[in-house]
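Enquirer: Numbering (the working numbering), first residue to last: 12 to 329. Could you have a look at this structure, given as structure tokens, before my questions?
See below:
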């Protein structure tokens with residue numbers, strides 16, 4: 012059973028799921044968002060679900076669910092808290108106290124997106140862009156209106172709804188630059204691979220328009236994947252950009268879907284993706300320029316520490 016086949020995974024682990032999202036903080040699983048009322052709270056450290064400890068749950072999931080990085084549990088966000096029955100006991104540490112909670116699961120689809128809307132910050136000195144909520148053609152309107160701001164925050168913690176890889180890059184990068192290289196299999200010689208044409212973004216050479224002069228802070232974390240990673244690789248070519256957050260998920264590139272015996276659907280990367288120096292990105296993720304780990308205190312206070320730090324970097328001119 013692998014991550015692409017939701018039906019097989021659901022049948023095996025259960026149709027209910029605790030309606031929460033989580034992140035890893037200091038090797039602990041911490042609730043970061045409660046999507047439906049279920050007895051759990053933001054900031055809860057999860058110790059057990061049902062009769063299994065978190066370590067047992069993770070070991071079990073790793074047997075059957077593929078993931079692009081072995082060093083993080085966050086990529087199990089869809090399946091770590093799957094349960095067979097609607098109600099289950101959960102042991103948590105809440106504000107320093109260990110307690111047992113009777114939690115309620117849900118069969119509804121759960122959205123794990125960051126839902127902060129694109130908006131101006133700091134009295135219009137900064138504009139925040141949520142890449143997951145962009146509409147087609149919106150980047151052109153944003154850049155026209157907020158051209159003279161002190162900085163942009165580009166949030167790639169969601170999967171982009173629009174291709175920033177090229178659309179935004181033309182406003183930030185003065186000339187075409189390589190942002191990624193790729194390899195493909197030689198179909199004539201199984202096991203042999205070759206490099207294909209590098210991927211390029213930025214302004215075409217015949218364009219003389221100016222580029223955006225403000226600071227650009229790109230937010231990434233372990234949920235930044237595929238198209239989000241492409242966008243990060245492209246936009247970090249801007250001279251005034253900085254990548255803030257935690258390493259990305261590492262499944263950069265497209266996929267090829269195929270069937271295993273038993274009608275189990277799975278997928279594998281369609282080609283290799285490397286940075287311009289041909290260092291790997293798949294299974295390791297993109298590395299931020301500045302690492303930022305959220306805190307339990309910040310979660311409980313309802314703060315987005317990524318955005319807070321990005322604002323500081325722009326205001327301080329770092």
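All C-beta atoms in this analysis are idealised placements derived from N, C-alpha and C, irrespective of residue type, glycine included.
(1) Contact between the segment 121 to 137 and the segment 98 to 106: three or more CB pairs below 8 Å?
(2) Rounded to the nearest angstrom, what separates residue 279 and residue 265 at their Cα positions?
(3) Any heavy atom of the ligand COA closer than 7 Å to the CB of residue 123?
(4) Does the Cβ-Cβ distance between residue 50 and residue 93 come in under 8 Å?
(5) Look up residue 205 in the DSSP assignment and say whether it is helix, strand or coil.
(6) To the nearest whole angstrom, what separates the beta carbons of residue 310 and residue 53, a pair I think is in contact under 8 Å?
(7) Just tell me which of 290, 298, 140, 313 has its CA closest to the CA of residue 193.
(8) Return helix, strand or coil for residue 149, following the three-state DSSP convention.
(9) Are three or more beta carbon pairs between the segment 172 to 183 and the segment 197 to 206 nearer than 8 Å?
(10) Tell me the start and end of each unbroken beta strand (DSSP E) in the segment 154 to 236 that is at least 3 residues and wholly inside, in chain order.
(11) Output the boundary residues of the alpha helix (DSSP H) element that contains residue 243.
(12) What's the gap between the Cα of residue 185 and the Cα of residue 228?
(13) Rounded to whole angstroms, what's the CA-CA distance from residue 87 to residue 65? Just pull it up for me.
(14) List the endpoints of the continuous alpha helix (DSSP H) containing residue 66.
(15) Measure the beta-carbon distance from residue 231 to residue 297 and round it to whole angstroms, keeping in mind my assumption that it falls under 8 Å.
(16) If distances are taken between C-alpha atoms only, which option among 317, 147, 300, 152 comes closest to residue 252?
(17) For residue 261 versus residue 43, is the C-beta distance shorter than 8 Å?
(18) CA-CA distance, residue 215 and residue 246?
(19) Sorted by chain position, which residues of the same chain lie with C-beta nearer than 6 Å to residue 203's C-beta, five sequence neighbours on each side aside?
(20) Alpha carbon to alpha carbon, how far is residue 269 from residue 211?
Expert: In terms of the structure at hand:
(1) no
(2) 9 Å
(3) As for the ligand COA, it is missing from this structure, which has no ligand bound.
(4) Going by beta carbons, residue 50 and residue 93 fall outside the 8 Å limit.
(5) The answer is strand: DSSP assigns residue 205 an E or B state.
(6) 5 Å
(7) 290
(8) helix
(9) no
(10) 162 to 166, 188 to 196, 204 to 206, 210 to 212, 226 to 231
(11) 238 to 246
(12) 17 Å
(13) 12 Å
(14) That run of the alpha helix (DSSP H) goes 65 to 75.
(15) 6 Å
(16) 300
(17) no
(18) 15 Å
(19) Closer than 6 Å at Cβ, skipping near neighbours: 197.
(20) 30 Å
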